[in-house]
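Visitor: Numbering (my numbering), first residue to last: 787 to 1034. We put the beta carbon where it would ideally sit given N, CA and C, even for glycine.
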Ligand SMILES: NC(=O)c1ccc[n+]([C@@H]2O[C@H](COP(=O)([O-])OP(=O)(O)OC[C@H]3O[C@@H](n4cnc5c(N)ncnc54)[C@H](O)[C@@H]3O)[C@@H](O)[C@H]2O)c1
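1. Does the structure place the stretch 867-878 close enough to the stretch 828-838 that three or more beta carbon pairs sit under 8 angstroms?
2. Using 8 angstroms as the threshold, is the stretch 950-966 in touch with the stretch 1009-1024, meaning 3 or more CB pairs across them?
3. Note the first and the last residue of the continuous alpha helix (DSSP H) segment covering residue 787.
4. Under DSSP, the alpha helix (DSSP H) around residue 849 begins and ends at which residues?
5. Where does the unbroken alpha helix (DSSP H) through residue 897 begin, and where does it stop?
6. For residue 924, which residues of its own chain have a beta-carbon under 7 angstroms away from its beta-carbon, when the five flanking residues on both sides are left out?
7. Taking Cβ positions, are residue 890 and residue 841 nearer each other than 9 angstroms?
8. I want to check one thing, is the minimum distance from the CB of residue 1016 to the heavy atoms of ligand 1 below 8 angstroms?
9. Identify, in the order they occur along the chain, each residue of the same chain with its Cβ nearer than 7 angstroms to the Cβ of residue 887, setting aside the five sequence neighbours on each side.
10. For ligand 1, is there any heavy atom lying closer than 8 angstroms to the beta carbon of residue 924?
11. Give the C-beta separation of residue 997 and residue 843 to the nearest angstrom, bearing in mind that I take them to be a contact with Cβ-Cβ under 8 angstroms.
12. Helix, strand or coil: how does DSSP classify residue 813 here?
13. Bridge partners for residue 959 per DSSP, in chain order?
14. Pick out whichever of 797, 956, 791 has its Cα sitting closest to the Cα of residue 850.
15. If you run the structure through DSSP and keep just helix, strand and coil, what is residue 972?
16. Nearer than 8 angstroms: is that true of the beta carbon of residue 967 relative to any heavy atom of ligand 1?
17. To which residues does DSSP link residue 869 through a beta bridge?
18. Report yes or no: do the stretch 936-955 and the stretch 1003-1018 share at least 3 C-beta pairs separated by less than 8 angstroms?
19. Residue 912 and residue 954 - do their beta-carbons sit closer together than 9 angstroms?
20. Buried or exposed: where does residue 970 fall if 16 or more other Cβ atoms within 10 Å of its Cβ makes it buried?
21. If you measure between the beta carbons of residue 892 and residue 855, is that distance less than 9 angstroms?
22. Using the Cα positions of residue 917 and residue 803, report the straight-line distance between them to the nearest angstrom.
23. Going by other Cβ atoms of all chains shown within 10 Å of its Cβ, with 16 needed for buried, is residue 811 buried or exposed?
24. Tell me, to the nearest whole angstrom, how far the beta carbon of residue 988 is from that of residue 958; I am working on the premise that it is less than 8 angstroms.
25. Classify residue 885: buried if its beta carbon has 16 or more other beta carbons within 10 angstroms, exposed otherwise.
26. Starting from residue 834, trace the beta strand (DSSP E) in both directions and tell me its first and last residue.
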């Protein structure tokens, strides 16, 4: 049975990804710093372990990898999904606010990948990083969040370039808006309406619609796919002019 580490697995896209892995017969190390929500979400699940750690802390990251290996013996996929969103104007984004977003979204993704590489070499495993449409297209209020996700996108290409030699694949999934706790904390009704106008499919995505792309990229069905940035976004990224006035 294959083994995945999924960070940010207590809820949202990470929990949906965990469930899809289990349905496909994988075992999952569920990582989240919110221990209570993690325990609650894992309660009814089999073939999982829960690891309550902060992915931005080097000592925590080492424990995540060693405890996964102690329990399951191998790592076939690492899904770097844990992240935070913080929308604010450039002029109100001080260094502390900037660093908080970077330390989790970017540093955490880097640290987890570094720590898991040795184990992934043994399985010729896969890394899937979670970017965002905010990393593909610039926007207001996202100087820290958007830049962190753009960096995750490039980090993915760096990983694919260097780790391909070991048979490790690295890809990035960029979700469009999904009604998770993270998004609902920063999406006002105005933002929700504007997204609808700018998305060809004219709706938010679901957690499962993102998770299915993630689990596909981790599977052997994607064995020749690496270094790719795949938006699961209802067409948002491909649409240059999403003006409501141009809709029929
Ligand atoms: N929901 C969206 O609209 C959307 C859009 C684009 C990208 N994303 C990305 O998808 C990923 C998942 O987001 P979601 O919407 O499911 O959010 P969510 O808030 O529902 O889930 C994120 C989980 O990550 C955990 N987490 C955050 N920081 C952590 C840390 N330092 N260590 C361990 N766990 C941590 C949280 O406790 C939470 O359970 C994020 O990287 C986010 O940026 C989401």
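Guide: Taking the structure as given:
1. No contact exists between the stretch 828-838 and the stretch 867-878.
2. Under the three-pair Cβ rule at 8 angstroms, the stretch 950-966 counts as touching the stretch 1009-1024.
3. No alpha helix (DSSP H) holds residue 787; DSSP gives it neither H nor E.
4. That run of the alpha helix (DSSP H) goes 844-858.
5. Where residue 897 is concerned, the enclosing alpha helix (DSSP H) stretches over 895-909.
6. Cβ neighbours of residue 924 within its own chain (closer than 7 angstroms, five residues either side excluded): 932.
7. Result yes, Cβ atoms of residue 890 and residue 841 sit closer than 9 angstroms.
8. For ligand 1, not one heavy atom lies less than 8 angstroms from the Cβ of residue 1016.
9. Closer than 7 angstroms at the Cβ level, and outside the excluded window around residue 887, lie 870, 872, 930, 931, 934.
10. Residue 924: no, Cβ never under 8 angstroms from ligand 1.
11. Actually they are not in contact, since the Cβ atoms of residue 997 and residue 843 sit about 26 angstroms apart, beyond 8 angstroms.
12. Strand.
13. Under DSSP, residue 959 forms a beta bridge with 916, 1016.
14. The option with the nearest alpha carbon to residue 850 is 791.
15. It is helical.
16. The nearest non-hydrogen atom of ligand 1 is less than 8 angstroms from the C-beta of residue 967.
17. Bridge pairing for residue 869: absent [DSSP].
18. The stretch 936-955 is in contact with the stretch 1003-1018.
19. Taking 9 angstroms as the Cβ cut-off, residue 954 and residue 912 qualify as a contacting pair.
20. Its Cβ having fewer than 16 others within 10 Å, residue 970 is exposed.
21. No, the Cβ-Cβ distance between residue 892 and residue 855 is not below 9 angstroms.
22. Pairing residue 917 with residue 803, the inter-Cα distance amounts to about 15 angstroms.
23. Residue environment analysis places residue 811 among the exposed positions, since fewer than 16 neighbouring C-beta atoms fall within 10 angstroms of its C-beta.
24. The beta carbons of residue 988 and residue 958 sit about 25 angstroms from each other, so the pair does not count as a contact at 8 angstroms.
25. Around the beta-carbon of residue 885, fewer than 16 other beta-carbon atoms lie within 10 Å, marking it exposed.
26. For residue 834, the uninterrupted beta strand (DSSP E) run begins and ends at 834-838, by DSSP.
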